[in-house]
Structure formats: structure tokens, C-alpha cells
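Numbering of the sequence shown is given in the numbering used here, commencing with residue -17 and proceeding in unit increments.
Using N, Cα and C, we set each Cβ at its ideal position, and we do this for glycine too.
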Amino acid sequence: MAQSILITGASSGIGEALALEYAAPGVGLALGGRDAARLEGVARACRARGAEVVFHVGDVCDRAGMKAWIEAVDDCRPLDLMIANAGIDATDADPAERTYAVFAVNVDGVFHTVLPALARMRARGRGQIAIMSSLAAWLGLAGSVDYTASKAAVRVWGEALRRRHADEGIRVSVICPGFVTSRMTAGNRFRMPLLWPAERAARVIRRRLARNRGLITFPWPLRLAVYVGTLLPQRLVDLLTARLPRKV
Ligand SMILES: NC(=O)c1ccc[n+]([C@@H]2O[C@H](COP(=O)([O-])OP(=O)(O)OC[C@H]3O[C@@H](n4cnc5c(N)ncnc54)[C@H](OP(=O)(O)O)[C@@H]3O)[C@@H](O)[C@H]2O)c1
């Protein structure tokens, strides 16, 4: 059972629910996020469940800062599990800058989180890494161009890492949720089919990580719909997705 766990984006939503799901006596949690007050609140709730908690207020885009934090945590308590969860779906940035802003967090931010942990885990020949992608990672959607592309990038990167490092004792999983209740989805003004509470998502993620599932997808009807979408001719998918709501 994982005893030393680092989670980015733990100040709300799925990351917060994961922190609470893993919080228990004997477990060391290192939680990351930018909002100090929310992060502190999550840390307090996890301590109340018996976990030892440290937290880091910082931006995943800060490569040197992330490396220093992850290595400091690993020095104190070698990491068993690292969950690269922090992500954004859109920004208020000028459209010309939006792509860079979303990729900076969702792709570079994941690299800045995973790579320092992976180096330490490889050196000791054990460890588990989970990368938060999305069911949106299979289809490029007009309503979330940058988000879908960034999640596709980390999905394939995670799949490849799993295969590359399997014989070194490193387990890598990619998590692809459908719609989950969080700050990210709170602003959506469209109907979100099969919306899951974050607590349910966290329970399923934990269970499947414990079984070392390479690809963790839910809920299955949405996964099936996405899979069918990848088999259809492109022109038909263009038509079917043309009317989907746009986030930005
Ligand atoms: N909710 C869904 O339906 C859904 C579906 C599929 C995948 N996901 C993925 O799940 C992950 C968590 O999202 P969520 O739904 O739980 O949304 P959320 O409630 O908005 O949580 C996002 C978390 O990421 C952190 N974060 C964002 N930008 C950051 C940055 N630059 N540096 C450090 N931390 C940063 C936030 O911290 P602060 O608030 O403290 O800045 C927050 O803790 C994301 O990767 C998202 O793409 C969500």
C-alpha cells in the first residue's frame, strides 16, 4: 500500500478528493496547488483523518521550483505514488496566447512534476506515477481545442512511459475521467452527461491504481462513445461534434 504520496492540484476538485481518499494514519501526503487558503484547508482535513501532511504553494509551470519541492519531499519520505493531477481547461488569456497557457500547465506542468519523481523512482527501482488526462483526449473538439490536444499529449506520453519503464519496477497509469464535479466543471452551462461526484472518481482511481491499471477510464458509457467516435469517418465526426457547446 502506498505510504508516501504526492498530489498536484490538491487544493480542489479531483485532487482534493484524492488527498482525502488516501488520507489515513501512517500515510504521508505532499499536496500542491496555488491557492494557499484552499490547500491549507485540504491539508487540515487530511490531518484530521490521521495523515501526515506537507503542502507546497506553487505553480506547476515553475520547473525549478517543482523539482526542488519534489526532491525535498522524496528526501524526507521516498515517494511510493505521485499523481500529476493539476490542470486547467481554459484561460482568460488572449486567444493567441491561450494555447501556450493551457499547454504550459497541462503538458509542461506534467513534465515538471513527473520527471523529477521518475528519476528518483528509477534510481531505487520502484514507484508509481499517475497522470491525469481526460476522456476528451481522443477527439479534437472545437469547443476546447487546447484542452483536448494537451490531454492527448499527456495520455500518449504516459502510455509510452509505462511501456518504457515497466521492467524497471515503475508503474505508470493514465487517468481519463468523463465529467466530474469540480471547480473546473462548475462554470459549465451545458448538460454534462453522467457527471460523477469527485469522491466517487477518487475511489475508483484509487482502486484501479492499486491494481496497476495502465488506462483508468470512467464512466464506461462515455468511454464507449469516445471509442466509437474514433472509429467513425472524420467527416461524420465533424458533423456530430459541430453542435457541441464551446467552453471558450
Ligand atoms: N472535472 C472534470 O470533469 C475533469 C474531467 C477530466 C479530467 N479532468 C482533469 O482533472 C484534473 C483536476 O481538475 P478538476 O476537475 O479537479 O478541476 P479543479 O477543481 O479546477 O482543480 C484543478 C487543480 O489544479 C490546480 N492547478 C491549476 N493550475 C495550476 C498551476 N498552474 N499550478 C499548480 N496547480 C494548478 C488547481 O490549484 P489552484 O486552484 O490552487 O490554483 C486545482 O487544485 C485536471 O487535470 C483536469 O483536466 C477533470
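{"query": "First through last residue of the alpha helix (DSSP H) which encompasses A46", "result": "45 to 58"}
{"query": "Candidates E(-2), I198, L63: closest to Q110 by CA position", "result": "L63"}
{"query": "F(-13) versus R205: straight-line alpha-carbon distance, rounded", "result": "Note on identity: in this sequence residue -13 is Ile, with Phe being the wrong assignment. Rounded to the nearest angstrom, the two C-alpha atoms are 28 angstroms apart."}
{"query": "Rounded C-alpha distance that separates A119 from A25", "result": "30 angstroms"}
{"query": "Whole-angstrom distance between E22 and V10, CA atom to CA atom", "result": "For the sequence presented, residue 10 should be read as Gly rather than Val. Each residue's alpha carbon lies about 15 angstroms from the other."}
{"query": "Nearest-angstrom Cα separation, counted from T167 out to P77", "result": "20 angstroms"}
{"query": "Cα-Cα separation, I232 to Y129", "result": "Nothing can be reported for residue 232, as the shown portion of the chain is limited to -17 through 230."}
{"query": "DSSP three-state assignment for S115, whether helix, strand or coil", "result": "coil"}
{"query": "Cβ-heavy atom distance, F161 to ligand 1, below 7 angstroms", "result": "yes"}
{"query": "Contact test: I187 Cβ vs ligand 1 heavy atom, cutoff 7 angstroms", "result": "no"}
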